[in-house]
Amino acid sequence: MLRFSDVKNAANGKWEGILIGMGVSPECLTGKHGPCPGCGGNDRFRYDKEKERFYCGGGGELATGDGFDLLSHINGWETAETFKEVAEYLGVKPDASPEAKAKAVKYAKQAEAVKLEKELSHEMTVLGQVLFVRSNGGPKDHWEREIEAAKTIYKLLRRLYGK
Ligand SMILES: [Zn+2]
-5 MLRFSDVKNA ANGKWEGILI GMGVSPECLT GKHGPCPGCG GNDRFRYDKE
45 KERFYCGGGG ELATGDGFDL LSHINGWETA ETFKEVAEYL GVKPDASPEA
95 KAKAVKYAKQ AEAVKLEKEL SHEMTVLGQV LFVRSNGGPK DHWEREIEAA
145 KTIYKLLRRL YGK
């Protein structure tokens, strides 16, 4: 299924280019008051680039909204149609199948576990070495590193077991 949030996120911050790419005259998007690309007039329209919102005072009532709303206002499209057009323009594909999604989640979890185990193994080696040096009459001034390693091991184990 094509999700609105995916299209919205993909469009976020890129509206000026999208609007121009979808046929809106760049002259309408300068930020100055001018004719509305949707309903005409002389100076009823303004587009705020930073906020990515338009304001149109046509028809007496102020119309305002985001890029989707602007395209609807210009083309007379229903919300769903605008959404579909923008998704197509951006090349946003419908979601993968539930199976593919579940697989991706599983792989991500496995990869995370492998990473945690590597970190764990490293910290355990460090701790083992420090303990070995100390118990064999070596210097006792690495206690801070020992505690740090023990704390890290504790944290890593908890993450590994999801506790
Ligand atoms: Zn208008």
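Heads up, the sequence shown is in my numbering, so the first residue is -5 and it goes up one at a time. Here a beta-carbon is modelled for each residue, glycine too, at the ideal position from N, C-alpha and C.
Whether residue i touches residue j by CB criterion (7 angstroms)
| i | j | result |
| --- | --- | --- |
| E117 | T146 | yes |
| A81 | L13 | no |
| V99 | D0 | no |
| D42 | G28 | no |
| L114 | L150 | yes |
Close beta carbons around residue i, own chain, < 7 angstroms, minus the five adjacent residues each side
| i | result |
| --- | --- |
| F(-2) | F77 |
| D60 | E46, R47 |
Heavy atom of ligand 1 within 6 angstroms of residue i beta-carbon
| i | result |
| --- | --- |
| C22 | no |
| G52 | yes |
| G70 | no |
Rounded C-alpha distance that separates residue i from residue j
| i | j | result |
| --- | --- | --- |
| F62 | E111 | 46 angstroms |
| K134 | R128 | 6 angstroms |
| V108 | E93 | 23 angstroms |
| G11 | R40 | 16 angstroms |
| Y148 | G122 | 15 angstroms |
| H136 | Y155 | 29 angstroms |
| G166 | E106 | The displayed coordinates of the chain run from -5 to 157. Any statement about residue 166 would go beyond what the structure contains. |
| N69 | G32 | 7 angstroms |
Contacts around residue i, its chain only, beta-carbon distance under 8 angstroms, and the 5 residues preceding and following it disregarded
| i | result |
| --- | --- |
| V120 | R139, A143 |
| Y83 | I12, G15, M16 |
Contact with chain C by residue i, beta-carbon distance below 7 angstroms
| i | result |
| --- | --- |
| G34 | Checking the listed chains, one finds no chain C in this structure; it contains a single protein chain. |
(request) Taking only runs that begin and end inside the region 59 to 144, name each unbroken beta strand (DSSP E) of 3 or more residues, in chain order. (result) None, since the region 59 to 144 contains no complete beta strand (DSSP E) of that length.
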